[in-house]
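Below is one structure, written out as structure tokens; the observations come after it.
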Amino acid sequence: MKLIRTFLKGGVFAPDNTRSARDVATWNAMIPARSVVPLLQHEGSPARCVVERGDRVDEGALIGSAQGYQSARVHAPIPGVVSELTRLTLPDGRESEAVVIELDGEFQQLGRVVEPRDWRGLNNERIQEQIFDAGVVGLGGAGVPSHVKYSAPRSTALQCLILNGCEPEPYLSNDYRLLRERPEHVVEALEILVRLLAPKRTVIALGGHTRSAASGVRRAVSAARARIQVHRFAGKYPQGDDHVLVRSVTKRAVRGASPVSEAGSMVVNVATAIAVYEAVVFGKPVVERVVTVVGGAITRPGNLKVRIGASIGDLIEECEGFREPPHKLVVGGPMRGSTVTDLSQPVTKLTTGVLALTEAEVQAVPETACIRCGRCVRACPMGLEPVRLHQLIAQRRDRAVTEAGLFDCTECGCCSFICPAGITLAEDLKRAKSRLRAEESDGRGRS
Amino acid sequence: MAVGDRNAPSYSGDTSHTWDISRLILSGSPQIHDALSTAKVHWYLILAALPAAVWGFAQFGVPAFVVVATGVAAAVLTEALLPSRRGSPADGNSVAIGLFMSLMFPPGAPWYLVAASAVFAVGVVKWAFGGLGHAVLNPAIAGRVLAQVLHPEAMSRYALPAGLGGGELEGGSSVIMALRGGSTGGDPLQRLAELGYPRSGLDEAVTEWLNTYLLTPVGVQLPGGYIDPFIGLAPGGIGEVSAVLLLIASAALIGRRVIAWQVPLSVFVGFAATIAIWGAVPLGGAVLGGDVLFHTMHGGLLFLMFFCATDNTSAPATGAGMFVYGLLGGCLAAILQLFGLYPEQLAAALLIVTFFVPLIDYVTKPTRFGFSRRTGQPLLYKARS
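Protein chains in written order, with our numbering: chain A, 81 to 527; chain B, 12 to 396.
Here is the structure:
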């Protein structure tokens with residue numbers, strides 16, 4: 081029995097509310113009759129629309145081409161007719177153009193058997209091209225276009241490639257289902273990435289409830305004769321954050337403001353690995369993803385394989401609707417996700433979960449004066465003092481707050497989660513970051 | 012939004028409160044909370060102190076109840092009558108101050124002394140400094156120490172619990188003061204026996220049972236006299252005497268993360284180490300011959316370390332800071348216990364250590380993730396080929 085490791089600095093033990101959804105096999109959601117496909121489903125500049133109203137598109141056809149260095153392709157999730165080009169506000173607050181497709185015509189890929197391609201015969205440029213063509217981005221929610229991440233210039237050889245199978249946030253179990261149901265595909269994706277990136281070592285990290293997928297993953301690793309280690313970690317949040325995970329696996333800590341590539345590591349999310357596998361082995365673009373639909377208000381929680389552009393209302397209906405009045409509808413996880421009040425919000429590549437939380441689950445506390453208990457300081461995995469940053473922000477001491485490490489904040493939400501005074505620490509820090517970033521780029525524009 | 016609205020998903024729940032999309036809440040992340048609010052922190056603490064308080068009432072009778080009722084009432088009234096600043100009586104903070112302060116009083120303390128101390132604790136130490144979260148010192152401790160200064164004689168008069176026959180101790184002083192001047196080779200229990208200090212039948216029975224069935228097989232003998240203070244048959248502050256009730260309550264508090272475990276642990280370590288080294292000296296014993304068990308259960312350490320030292324506002328923020336604070340506080344408390352002029356004044360040790368907290372917080376600032384602890388600079392990893 082190997083000791084289960086954890087990280088020492090900060091973090092919180094959030095309630096394990098994944099169970100209701102995680103023990104149910106992933107099922108296929110119904111194909112939506114109408115798909116709303118935002119052109120901004122990644123970090124970077126939005127894709128450029130290459131279709132017009134009235135155009136007929138096939139399943140998987142290119143509808144948005146990447147523009148600029150950091151951008152990603154967008155494809156039609158369903159065959160049909162482009163009925164509308166519109167704009168919408170995404171749950172994270174960003175504005176995006178969107179292509180609306182009404183279902184019509186025939187599915188060319190769905191239900192057909194496609195022969196897997198032998199990727200070992202492809203050279204690295206070809207593999208990169210496949211990943212780019214398929215519009216693969218970080219499906220864990222970060223949304224960095226994968227071809228950019230994999231081709232970014234590195235000053236040093238990649239020391240460690242980590243597949244992040246840790247519980248990303250409480251409630252979410254979509255990564256766990258993929259690890260349970262498709263471990264051999266995850267391992268094959270890692271083999272592709274090992275070929276592409278030539279890391280010194282490769283690790284699959286499991287943490288929290290995903291630890292119970294360990295035996296299947298180990299079997300897949302030995303069946304593939306891959307040189308991949310499996311590490312297991314405790315279910316403390318945020319074990320699945322890049323910085324914390326890289327520290328746990330490689331003992332190298334990089335400040336939150338810097339990417340983990342500075343420690344010679346790369347972290348890949350499970351869903352992204354599956355997307356890489358499908359892109360390289362089947363040439364399949366990212367037109368669907370697994371979404372966890374869970375929360376006390378959901379009648380039949382589960383993980384659904386959903387076409388991009390389906391509405392979250394459809395997903396909830398698929399889970400037999402609400403059994404209790406929801407208090408908050410959240411897109412994403414409970415720690416980092418955003419609330420929405422609009423059920424027509426489409427599922428995007430970055431939608432990890434749809435949560436319908438009851439008031440009892442939210443457990444909001446009334447706001448009081450700060451009691452200076454220091455819980456936020458002890459909970460911060462980045463070793464910051466959230467209460468002090470919060471004071472400095474209120475006093476508009478921008479330089480001091482930057483020096484105190486505002487930009488090292490990874491927005492994990494631990495400080496707000498445990499604050500007995502109900503102070504919106506994480507949210508205010510996040511706002512201050514975007515304000516200071518905006519002011520800085522304004523300043524650059526003027527000079 | 013240009014995209015057409017969809018029908019709301021079906022609803023199969025209780026129709027007495029139907030669901031309505033307009034009632035959905037918009038909020039920033041995180042969307043959930045661990046539910047421990049400011050008020051809950053204080054009320055859980057109060058709840059945890061109640062068994063020990065009730066035990067005190069049962070052992071010391073009506074005077075004890077009068078002390079505690081006066082303390083709590085004066086504390087709450089003070090906050091209610093002063094112009095509202097941060098916090099209100101509903102958040103439990105003032106109740107906790109009044110309760111913890113009066114539980115450290117001797118059972119027979121005069122009501123006006125309790126009331127004056129409570130008014131000082133809430134009105135000056137807490138309210139005047141800015142209210143909830145702004146008390147630089149721990150108000151309960153400050154109130155207790157003020158009473159000691161105002162009326163040292165009344166604050167040194169302890170009674171025997173009903174379970175030991177009641178009545179005042181010989182000379183009106185406490186167990187701790189009884190140890191002063193004795194010369195029994197460092198054994199406090201022997202000194203108490205000399206003074207004719209009573210021992211309950213329960214103590215004898217339990218000690219004998221333990222020795223026969225549990226300890227003899229491992230080659231240890233427990234002298235009589237430890238079981239009484241463990242269950243709470245000892246003179247002392249109203250809420251301080253029952254070790255077992257305090258231990259159970261604090262285990263629950265630590266388990267629910269209401270109090271940080273680092274504080275009581277480090278206070279205990281600091282205290283125990285100092286007692287172990289010097290504990291026997293005042294009684295004519297050798298260095299390193301101190302009786303840690305005896306001193307832990309007599310003199311009010313347990314209440315102090317679980318309910319006062321863990322104060323949210325005055326204790327340091329980081330785990331490392333808590334250790335420094337606790338070790339210092341424990342050491343100083345032990346020194347006062349052994350050599351202090353008055354009994355039961357461990358609270359003063361904590362008050363003194365609280366003055367060091369800003370310094371402790373500064374020295375034990377958390378090391379930022381990805382920074383070198385030594386140089387304070389971000390860690391850089393050189394390219395390794």
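Glycine residues also receive a C-beta, built at the ideal position from the N, C-alpha and C atoms.
CA-to-CA distance, residue j to residue i, given in whole angstroms
i       : j       : result
A297(B) : G197(B) : 7 Å
R136(A) : E182(A) : 10 Å
D16(B)  : Q425(A) : A caution first: D16(B) carries a pLDDT of 42, below 50, which makes its placement in the model too unreliable to give a value.
K376(B) : L143(B) : 23 Å
L93(B)  : A390(A) : 58 Å
Q319(A) : L252(A) : 14 Å
F116(B) : A440(A) : 41 Å
P250(A) : H323(A) : 18 Å
A13(B)  : Q150(A) : Any reading at A13(B) needs caution, since the residue's pLDDT is 33, under 50, leaving its predicted position unreliable; the model's value is listed next. Going by the C-alpha atoms only, they are around 28 Å apart.
T307(B) : L256(B) : 14 Å
T421(A) : L142(A) : 30 Å
H145(B) : G134(B) : 12 Å
V217(B) : I242(B) : 11 Å
D522(A) : R133(A) : 36 Å
D255(A) : A459(A) : 25 Å
Chain A residues whose Cβ lies nearer than 8 Å to that of residue i
i       : result
V125(B) : None at all; the shortest Cβ gap to chain A is about 25 Å.
T324(B) : I451, R452 and C453
R267(B) : Those do not exist, as R267(B) stays about 12 Å from chain A at its closest Cβ, beyond 8 Å.
T386(B) : Those within 8 Å of T386(B) in chain A number zero; the least Cβ separation is about 13 Å.
S23(B)  : T379, E400, G401, F402 and R403
Q232(B) : In chain order: nothing, as chain A lies at least about 39 Å away.
Chain B residues whose Cβ lies nearer than 8 Å to that of residue i
i       : result
R458(A) : A271, A328, T329 and G330
D488(A) : R379, F380 and G381
E465(A) : A328, K376 and P377
L437(A) : Q42 and I43
Rounded distance between the beta-carbons of residue j and residue i, thought under 8 Å
i       : j       : result
W122(B) : T89(B)  : Contact doesn't hold; Cβ gap of about 15 Å is too wide.
M333(B) : V274(B) : 5 Å
C489(A) : G336(A) : 6 Å
V373(A) : G382(A) : 6 Å
E358(A) : R387(A) : E358(A) to R387(A), Cβ: 14 Å. No contact.
Q147(A) : S125(A) : 6 Å
L61(B)  : T365(B) : Not a contact, Cβ separation roughly 26 Å.
V87(B)  : V106(B) : 6 Å
Run of the alpha helix (DSSP H) containing residue i, from where it starts to where it stops
i       : result
T290(A) : Taken as a continuous stretch (DSSP letters only), T290(A) belongs to no alpha helix (DSSP H), as it is neither H nor E.
C342(B) : G330 to F350
V217(A) : No alpha helix (DSSP H) holds V217(A); DSSP gives it neither H nor E.
P118(A) : First-last for P118(A): R114 to P118, but that is the beta strand (DSSP E), not the alpha helix (DSSP H).
T81(B)  : V73 to L92
Start-to-end residues for the beta strand (DSSP E) that takes in residue i
i       : result
L384(A) : G382 to R387
V348(A) : S345 to N349
N244(A) : C240 to C246
L168(A) : G160 to T169
E175(A) : E175 to L183
G144(A) : L142 to S145
Cutoff 6 Å; reference residue i; Cβ partners in own chain excluding five residues on either side
i       : result
Q309(A) : V283
G72(B)  : none
S113(B) : V78, V79, G82 and V125
R257(A) : T106 and N383
Beta-carbon proximity list for residue i, same chain, < 8 Å, skipping 5 on both sides
i       : result
G493(A) : M415, R416 and A506
Q159(B) : M166, Y353, Q356, A358 and A359
G173(A) : S418
P150(B) : I108, M112, A132, V133, V136 and K137
Chain A residues whose Cβ lies nearer than 9 Å to that of residue i
i      : result
R34(B) : P405, P406 and H407
W30(B) : A377, F402, E404, P405 and P406
Neighbouring residues, chain A, relative to residue i (Cβ below 7 Å)
i      : result
W54(B) : Per Cβ cutoff of 7 Å: no residues; W54(B) is ~12 Å from chain A at best.
A46(B) : Q443 and V445
Neighbouring residues, chain B, relative to residue i (Cβ below 9 Å)
i       : result
I242(A) : The contacting residues do not exist; I242(A) stays about 15 Å from chain B at best.
A109(A) : Per Cβ cutoff of 9 Å: no residues; A109(A) is ~13 Å from chain B at best.
Close-in-space but distant-in-sequence residues of the same chain around residue i (CB under 7 Å, 5 per side omitted)
i       : result
R79(A)  : Examination of residue 79(A) is not possible in this model, given that chain A is present from 81 through 527 alone.
E520(A) : none
V301(A) : V267, I308 and V310
W199(A) : I207, I272, V360 and V361
Neighbour list for residue i in chain B, Cβ cutoff strictly below 7 Å
i       : result
R335(A) : R379, F380, G381, F382 and P389
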